[in-house]
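Those protein sequences? They're chains A and B, same order as listed.
With the numbering used here applied, the first sequence corresponds to residues 1 to 350, in that order.
With the numbering used here applied, the second sequence corresponds to residues 1 to 350, in that order.
Using N, Cα and C, we set each Cβ at its ideal position, and we do this for glycine too.
Number of protein chains: 2
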Amino acid sequence: MDPVGIMRDKGQNLGVGLTKNTTTVADVARQANVSPITVSRVIRGVGPVSEETRERVLKAIKQIGYVPNHIAGALASARSDLVGVVLPSVSNIVFADVLRGLHDGLTEGLRAVVSISDYSLETEERLVRSLLALRPAAVVLTGCEHTDSTVAMLSRAGIMVVEIMDTDGAALDVAIGMSSRRAGEESAIHLLQRGYRQFGYVGHDASPRDFRAWRRRTSFLATIRSAGATFLGEEIVHERSSVPAGRRALKQLLEAHPDVEVVYFSNDDMAIGGVFHCQAEGLSSERPLGIFGFNGLDIGQAMPKPLSTILTHRYEIGLRTGRAIVTAIEGGDVEKSTDVGFKLIEGATA
Amino acid sequence: MDPVGIMRDKGQNLGVGLTKNTTTVADVARQANVSPITVSRVIRGVGPVSEETRERVLKAIKQIGYVPNHIAGALASARSDLVGVVLPSVSNIVFADVLRGLHDGLTEGLRAVVSISDYSLETEERLVRSLLALRPAAVVLTGCEHTDSTVAMLSRAGIMVVEIMDTDGAALDVAIGMSSRRAGEESAIHLLQRGYRQFGYVGHDASPRDFRAWRRRTSFLATIRSAGATFLGEEIVHERSSVPAGRRALKQLLEAHPDVEVVYFSNDDMAIGGVFHCQAEGLSSERPLGIFGFNGLDIGQAMPKPLSTILTHRYEIGLRTGRAIVTAIEGGDVEKSTDVGFKLIEGATA
DNA sequence: TTGAAAGCGCTAACAT
DNA sequence: ATGTTAGCGCTTTCAA
Numbered sequence: 001m002d003p004v005g006i007m008r009d010k011g012q013n014l015g016v017g018l019t020k021n022t023t024t025v026a027d028v029a030r031q032a033n034v035s036p037i038t039v040s041r042v043i044r045g046v047g048p049v050s051e052e053t054r055e056r057v058l059k060a061i062k063q064i065g066y067v068p069n070h071i072a073g074a075l076a077s078a079r080s081d082l083v084g085v086v087l088p089s090v091s092n093i094v095f096a097d098v099l100r101g102l103h104d105g106l107t108e109g110l111r112a113v114v115s116i117s118d119y120s121l122e123t124e125e126r127l128v129r130s131l132l133a134l135r136p137a138a139v140v141l142t143g144c145e146h147t148d149s150t151v152a153m154l155s156r157a158g159i160m161v162v163e164i165m166d167t168d169g170a171a172l173d174v175a176i177g178m179s180s181r182r183a184g185e186e187s188a189i190h191l192l193q194r195g196y197r198q199f200g201y202v203g204h205d206a207s208p209r210d211f212r213a214w215r216r217r218t219s220f221l222a223t224i225r226s227a228g229a230t231f232l233g234e235e236i237v238h239e240r241s242s243v244p245a246g247r248r249a250l251k252q253l254l255e256a257h258p259d260v261e262v263v264y265f266s267n268d269d270m271a272i273g274g275v276f277h278c279q280a281e282g283l284s285s286e287r288p289l290g291i292f293g294f295n296g297l298d299i300g301q302a303m304p305k306p307l308s309t310i311l312t313h314r315y316e317i318g319l320r321t322g323r324a325i326v327t328a329i330e331g332g333d334v335e336k337s338t339d340v341g342f343k344l345i346e347g348a349t350a
Numbered sequence: 001m002d003p004v005g006i007m008r009d010k011g012q013n014l015g016v017g018l019t020k021n022t023t024t025v026a027d028v029a030r031q032a033n034v035s036p037i038t039v040s041r042v043i044r045g046v047g048p049v050s051e052e053t054r055e056r057v058l059k060a061i062k063q064i065g066y067v068p069n070h071i072a073g074a075l076a077s078a079r080s081d082l083v084g085v086v087l088p089s090v091s092n093i094v095f096a097d098v099l100r101g102l103h104d105g106l107t108e109g110l111r112a113v114v115s116i117s118d119y120s121l122e123t124e125e126r127l128v129r130s131l132l133a134l135r136p137a138a139v140v141l142t143g144c145e146h147t148d149s150t151v152a153m154l155s156r157a158g159i160m161v162v163e164i165m166d167t168d169g170a171a172l173d174v175a176i177g178m179s180s181r182r183a184g185e186e187s188a189i190h191l192l193q194r195g196y197r198q199f200g201y202v203g204h205d206a207s208p209r210d211f212r213a214w215r216r217r218t219s220f221l222a223t224i225r226s227a228g229a230t231f232l233g234e235e236i237v238h239e240r241s242s243v244p245a246g247r248r249a250l251k252q253l254l255e256a257h258p259d260v261e262v263v264y265f266s267n268d269d270m271a272i273g274g275v276f277h278c279q280a281e282g283l284s285s286e287r288p289l290g291i292f293g294f295n296g297l298d299i300g301q302a303m304p305k306p307l308s309t310i311l312t313h314r315y316e317i318g319l320r321t322g323r324a325i326v327t328a329i330e331g332g333d334v335e336k337s338t339d340v341g342f343k344l345i346e347g348a349t350a
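Printed below as a string of structure tokens:
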């Protein structure tokens, strides 16, 4: 209930030589009886500094509680320790995994500035424009679809761009991910091999567009059709993917198309909702409806009947992205495109 | 397979007036026949600028594809548009929700720099030290436990600090969250009212420490004990919380203490694992074991028997945090402590 | 091994 | 309404 004064004592006394409480390299230098540049060298650990002065400077830093200003450093050196990251969502555990991997992969004091595009390319463009103002060391985007302006801005900026998750398109610079097309295809082939002939699909449509889910659906459908199987119909919920949405959608689908033998879901969240619908309706025994997901979330594998799905390597994508950025900054070469693959989990639901 | 040259044409030609491909306000100014400061005023939308010059400047910006440099701006104005955020984890959907809320709450071009402490106060200290080098507009920390050094650094920096999730402790500056203590207590009261007398607990211990889960457990135990109920025992997995971990842990607990009537779980992930264990063992009918969670994840509510749990307002915590930061930056007053509360969901598992 | 000078790109303060 | 001047705090370059 107490209103509180923020930014107390910023000490920005711009008057006549009054105290500013922001200590600088100059303060440290004075304390240690060296020049500012020597302090800078000690902090960055570059250049020749005698052990004796080094210790003197370090002591001075401790004494006056100096905290380096990377903003000033970045301006002077034209080198940034920020990595701009645009993810379509963080609520989806998939991108949370990517982010965790990215953090583990980024070293050398690199830090991620995370923005969320909500699956909109226009939002992505806005976010990239704004991120570029930070002159980041690299930019990480999700997927290979971007507006022309986004591409133009990035190419003019001349910084490293990593497109993650998706290796189906032509990489702007570096791509690290997997092929959605092949994932859809392999899912279809597996289900065909299991003898299914009557297919259904349950999908979501996140805000504007989840391109990768759509590409999986497209190649899945193409594969079952070219095998002569029947696609009975689909139910698409116009909201972000979730367990409850999957449950509702499967109910809808089964009402419209009671004869489906197996349903391909846009991802595990949706598929788990499907499993719950079957459990709730007691469908499991009298009518073994096949359910197939995508991602291989651990929750799906912890269910009494583990979910049949495709395991994706989200953490690894993030990790490799971080490492690729570090490598590039250190002057190393980075693969143009890295496919981390995926793994089909047979499970017990299809 | 193509090694690719990153940072191509950085254009850092430091020679005699050769082309640098970084355009600056000066370039725009030249193009528009005004002074740099006028360009700056147009970009920031402050100060008096005639409509005519404004348009001329805007046109020039478009023409030469100028991208502002916020790093330089931040240095000159001693104002940053970065908000440092330290979360214990992002894999946990709870913090992903917080992050989403935070993004929605932050406006005015404020951007989050996210770091992950992995539930370690020492890591948090390191991350805060490193974040302060960016001179952020505010720092968001999780929980009210911090090392002394962390507290000292932050107070010296004199910037806004928001401690989220937890309002049990004394806020350093601003706290937005809920009371873990009361959550544990209310869970216990509810289960006692339902007639349960033989209690068990299944918990996790994330890396070093999940303080809030532990506080829930402590107040839960205190409450059932003071009501004269029996605490039969507990099973703690020494890993981060997850559905599979919950499933395994419940199995263990029931083997050691076959007489428990109801189990309080450290959170919904663990509790859902418990439900899956019961389903897999066919325990649901022959022996209706009570299961109670924490968080109110939508997956728990989409299960055939919705999980009994406490709904927390993660998104709102993030949203309010973002808004509080914006308010403070704009000079407004912010509540010292905001309790967003929680809501008990009766569900069908306890 | 150390330092002096210059400037990164922008904006606050003070003119005009 | 616009411009001039003088830095922000650091690091580069070049000299000692």
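Name the chain B residues that come within less than 7 Å of residue i, Cβ to Cβ?
i      : result
A/G109 : S130
A/R135 : N69, I71
A/F265 : Ordered by position in chain B, no residue passes the 7 Å Cβ test against A/F265, which lies about 14 Å from the chain.
Would you say residue i and residue j are within 7 Å of each other, going by their C-beta atoms?
i      : j      : result
A/A137 : A/I272 : no
A/G293 : A/L307 : yes
A/F93  : B/I93  : Per the sequence shown, the amino acid found at residue 93 of chain A is Ile instead of Phe. Contact flag set, yes.
B/V28  : B/A74  : no
B/L254 : B/G274 : no
B/A188 : B/R216 : no
A/G300 : A/A350 : no
A/I176 : A/I159 : no
B/S130 : B/E124 : no
B/H70  : A/L134 : yes
B/D259 : A/P244 : no
Beta-carbon of residue i versus every beta-carbon of chain A: anything under 7 Å?
i      : result
B/I93  : yes
B/L106 : no
B/G341 : no
B/S179 : no
B/S77  : no
B/Q279 : yes
B/A96  : yes
Under the rule that 16 or more other beta-carbon atoms within 10 Å means buried, what is residue i, buried or exposed?
i      : result
B/G332 : exposed
B/V16  : Low confidence applies here, because B/V16 scores a pLDDT of 26, under 50, leaving its location unreliable; read the following figure in that light. Classification of B/V16: exposed, given that the 10 Å Cβ count is below 16.
A/N295 : buried
A/V197 : Here residue 197 of chain A turns out to be Arg, not Val, going by the sequence shown. With fewer than 16 Cβ atoms within 10 Å of its Cβ, A/R197 is classed as exposed.
B/I37  : exposed
B/S115 : buried
A/A227 : exposed
B/A348 : exposed
Under a CB-based cut-off of 7 Å, is residue i close to chain B?
i      : result
A/Q63  : no
A/P88  : no
A/G273 : yes
A/H103 : yes
A/R182 : no
A/F294 : no
A/A60  : no
A/R30  : no
A/R323 : no
A/A74  : yes
A/A348 : no
Find the residues of chain B that neighbour residue i, judging by a C-beta separation of less than 9 Å, and give them in chain order.
i      : result
A/A112 : V113, V114, S115
A/P244 : D298, I299, Q301, A302
Under 8 Å Cβ-Cβ, which residues of chain A neighbour residue i?
i      : result
B/I164 : Those within 8 Å of B/I164 in chain A number zero; the least Cβ separation is about 15 Å.
Give the residues of chain A in contact with residue i, contact being defined as C-beta atoms less than 7 Å apart.
i      : result
B/L99  : V90
B/A213 : By Cβ distance, chain A contributes nothing, its closest Cβ being about 19 Å from B/A213, past 7 Å.
B/R247 : A302
Just to check, is the beta-carbon of residue i closer than 6 Å to a non-hydrogen atom of the ligand NAP?
i      : result
A/T107 : With respect to the ligand NAP, the structure shown offers nothing to examine, as it has no ligands at all.
Please go through the stretch 57-110 of chain A and give each complete alpha helix (DSSP H) segment of 4 or more residues, from N-terminal end onward. 70-77, 93-105
Taking only runs that begin and end inside the stretch 260-284 of chain A, name each unbroken alpha helix (DSSP H) of 4 or more residues, in chain order. 268-281
Going residue by residue through the stretch 192-237 of chain A, where are the continuous beta strand (DSSP E) segments of at least 3 residues, counting only ones entirely within it? 198-204, 230-237
Entirely within the stretch 157-182 of chain A and at least 3 residues each: give me those beta strand (DSSP E) ranges in chain order. 160-166, 174-178
Where in the stretch 283-343 of chain B do unbroken runs of the alpha helix (DSSP H), each at least 4 residues long, occur, reported from the N-terminal end onward? 283-286, 298-302, 314-329
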